[in-house]
Amino acid sequence: MSAKRKDSKGLFSKNLVRLVALVSIIGCTIFVFTVEKDCNEKRREIKSTQAKIDAYEVQNSELREVLESDDLSSYMERVALEERGYAYPDERRFYDTSRD
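Numbering (the numbering used here), first residue to last: 4 to 103.
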């Protein structure tokens with residue numbers, strides 16, 4: 004009977020300490036996996052953002068080269084024709100609508 008009294012004596016019993024330790028280990032394990040998942044997600048976001056930055060830097064360097072050259076009118080003409088869809092006043096454009 005004295006063995007039972009030792010286990011239940013005091014503020015903390017052995018079983019309670021073991022339970023708290025087990026719950027703490029499980030909680031820490033879940034926390035580690037959650038943090039690792041978040042880190043991997045942030046790494047993917049960083050790679051995506053870095054790819055966008057690289058694309059913008061290439062575009063920026065191309066625009067800088069155009070600005071440094073004194074041929075700004077040819078650049079404006081190219082942008083107007085290719086990107087904006089403008090045409091010369093006497094130019095006729097034909098579009099194939101039979102493919103639809």
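Glycine included, C-beta positions come from ideal geometry on N, C-alpha and C.
May I have the straight-line CA-CA distance separating residue 21 from residue 48, to the nearest angstrom? Roughly 41 Å separates the two Cα atoms.
Local conformation of residue 16 per DSSP, three classes: coil
Taking only the alpha-carbon atoms, compute the straight-line gap between residue 59 and residue 52 and give it to the nearest angstrom. 11 Å
Look at the Cβ atom of residue 89, then the Cβ atom of residue 83, and state whether they are nearer than 7 Å. yes
Roughly how many angstroms separate the alpha carbons of residue 99 and residue 87, rounded to a whole number? 19 Å
Assuming residue 101 is part of the alpha helix (DSSP H), what are its boundary residues? From DSSP, residue 101 is part of no alpha helix (DSSP H); its letter is neither H nor E.
What is the DSSP secondary structure of residue 89, reduced to helix, strand or coil? coil
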